[in-house]
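In the numbering used here, the protein residues as written are 3 to 526.
Positions of the beta carbon are idealized from the N, C-alpha and C atoms, including for glycine.
What follows is a single structure, written as structure tokens, with notes after it.
This is the structure we're talking about:
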């Protein structure tokens, strides 16, 4: 920092953060599908030339942004960065090469300034469809049935995209190529925005100064995180949380964690966690890392600490190979959000023993994802939605109502958008569920209900979720939130569904989706 004035550092570092946020806005505004355009299931960031995340779009999806560097390292291993040229890019969605589930596609575009590689502009987005047995692939028994895997590799935009062989290969293996290819194009547009902003900074302040700021941003975050960890009493803190079941046998799945604080370092060890599931309720290790880091960032530091590679340096994360949080290939991973929420909660509960004033009660901390799709003569239509639930209460406030939980952070999909975009269902009810938040000195947030009227025969419904059996727990004497549920009303018949499954619906069916409420805080 001796050669950079505090003013220059403040201006340039904030410009990097602003660029990452602008990239995210560009990606979502240019997207074709509702899951990206409306729900904003995407993230963006800028990496240095070593592939370390410097600035990330912290207002988008934490679970995606926390693993950019991990996915990048696999891409660089497949093709060394020294071989990259203008127009090249890395792409992958491989869960066993730093990815999450197959729907999350990563794109990395190199940033060259006067022939020098300064870094990479990165984007990741949840694609509406990547093939597989169903649009959510929640009944797959291996990753091959979940869709198309794109191995970490280098391609060229002019040669391989824009009608080239890679674009054609992807389009030929998915149900809605126009929307998926359109969304990947929005990722390229976002990355080009990042390239342009970094070049602007170099033109204004000089390349050498910009590179020094990139390094200092990582060092600053590391110092802040180490300082925050050092303020936590040394010791090992243990906790566990449980998934309802594996979607096949009905047996619950337990996540166990030991958080060890030693000086200014922290180790998180998931030894004792359940073995990998036969269903898609498995988390690739990159997802486990992202969820763990997000939990630590949420509780240990403030929002003024940039979420970058420096944040990770004082922290070691372990999960047994072959477990729910680090499965062996080719285990299915489509529903990986469910186990990593249990990891997220376990870390919070463990740290809550050391710093209880910073922890909130459990919310409806699950990804409740539903899909409605139909195949007609004109081709497929696919709709996917992430449903928000109640947030847990804290020592100072009620829980928020009807919001996405911390790892997801997806936004509401407006009913008006579904009315305009889809003709095989309509939303007849969208509301909060009164009394669904746990009681307490501060109540938990309310869950939500959406009711979909099915307008055509042959609509395929798929779901994965959690907290159908075990509700979000209250804290310090607060009550539990309500459970989630799902059912179809068909005339006088009521057809309940479990948290994992798929079915074909009929004209006139009313699909009712209810999310759970958050736990209360303190004695009522």
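Integer-rounded CB distance, given that residue j should sit under 8 Å from residue i
i, j, result
"residue 46", "residue 26", "5 Å"
"residue 341", "residue 283", "6 Å"
"residue 349", "residue 261", "6 Å"
"residue 357", "residue 301", "7 Å"
"residue 505", "residue 485", "That belief does not hold up - the Cβ atoms of residue 505 and residue 485 are roughly 20 Å apart, past 8 Å."
"residue 28", "residue 192", "5 Å"
"residue 86", "residue 119", "7 Å"
"residue 433", "residue 467", "With 8 Å as the limit, residue 433 and residue 467 do not qualify as a contact, their Cβ atoms being about 18 Å apart."
"residue 257", "residue 326", "7 Å"
"residue 527", "residue 150", "Nothing about residue 527 can be reported from this structure: the residues present for the chain run from 3 to 526 only."
"residue 316", "residue 231", "6 Å"
"residue 41", "residue 413", "6 Å"
"residue 69", "residue 288", "4 Å"
"residue 344", "residue 244", "7 Å"
"residue 60", "residue 424", "That pair is no contact at about 32 Å."
"residue 90", "residue 158", "5 Å"
"residue 387", "residue 417", "About 11 Å; that fails the 8 Å criterion."
"residue 411", "residue 62", "7 Å"
"residue 276", "residue 255", "4 Å"
Cβ pair residue i, residue j closer than 7 Å
i, j, result
"residue 228", "residue 266", "yes"
"residue 392", "residue 522", "no"
"residue 285", "residue 248", "no"
"residue 124", "residue 114", "no"
"residue 456", "residue 511", "yes"
"residue 458", "residue 499", "no"
"residue 32", "residue 48", "no"
"residue 203", "residue 212", "yes"
"residue 368", "residue 464", "no"
"residue 336", "residue 103", "yes"
"residue 439", "residue 483", "yes"
"residue 108", "residue 94", "yes"
"residue 154", "residue 311", "no"
"residue 437", "residue 403", "no"
"residue 544", "residue 515", "Residue 544 is absent from the model: the chain starts at 3 and stops at 526."
"residue 441", "residue 481", "yes"
"residue 1", "residue 331", "Missing from the structure shown is residue 1; the chain here goes from 3 to 526 and no further."
"residue 278", "residue 334", "no"
"residue 318", "residue 378", "no"
"residue 133", "residue 176", "yes"
"residue 513", "residue 454", "yes"
"residue 67", "residue 384", "no"
"residue 376", "residue 429", "no"
"residue 80", "residue 53", "no"
"residue 156", "residue 207", "no"
"residue 525", "residue 476", "no"
"residue 431", "residue 216", "no"
"residue 195", "residue 24", "yes"
"residue 100", "residue 72", "yes"
Identity of the residues DSSP links to residue i by a beta bridge
i, result
"residue 242", "258"
"residue 90", "158"
"residue 110", "92, 124"
"residue 489", "498, 514"
"residue 119", "114"
"residue 328", "325"
"residue 452", "432, 515"
"residue 320", "271"
"residue 463", "374, 505"
"residue 47", "58, 124"
"residue 264", "267"
"residue 309", "None, per the DSSP bridge assignment."
"residue 477", "523"
message: Quick test of the definition: if touching needs 3 or more C-beta pairs under 8 Å, does the segment 277–294 touch the segment 230–241?
response: Three or more beta-carbon pairs separated by less than 8 Å are not found between the segment 277–294 and the segment 230–241, which leaves the two stretches without contact.
field: Complete runs of the alpha helix (DSSP H) confined to the segment 375–444 [at least 4 residues]
entry: The segment 375–444 contains, as complete alpha helix (DSSP H) runs of 4+ residues, the segments 417–423 (chain order).
- request: Output the residue ranges of the beta strand (DSSP E) runs that lie fully inside the segment 267–293 and measure 3 residues or longer, sorted by chain position.
  value: Counting only runs of 3 or more, we get 267–271.
- prompt: Where in the segment 124–166 do unbroken runs of the beta strand (DSSP E), each at least 3 residues long, occur, reported from the N-terminal end onward?
  reply: Counting only runs of 3 or more, we get 155–158.
message: Does the segment 161–169 come into contact with the segment 117–136, if we say contact requires no fewer than three beta-carbon pairs (one atom in each stretch) closer than 8 Å?
response: These segments do not touch.
task: Decide if the segment 359–366 is in contact with the segment 393–401; the criterion is three or more beta carbon pairs, one per stretch, under 8 Å apart.
output: Segment contact: the segment 359–366 against the segment 393–401, three or more CB-CB distances shorter than 8 Å; contact assigned.
message: Is it the case that the segment 34–41 contacts the segment 13–20, given that we only count it when at least three CB pairs across the two stretches are under 8 Å?
response: With the cut-off at 8 Å, the segment 13–20 and the segment 34–41 do not touch.
message: As an exercise, report each continuous beta strand (DSSP E) stretch of at least 3 residues that is fully enclosed by the segment 161–249, in chain order.
response: For the segment 161–249, the continuous beta strand (DSSP E) assignments of 3+ residues that do not extend past its boundaries occur at 237–245, in sequence order.
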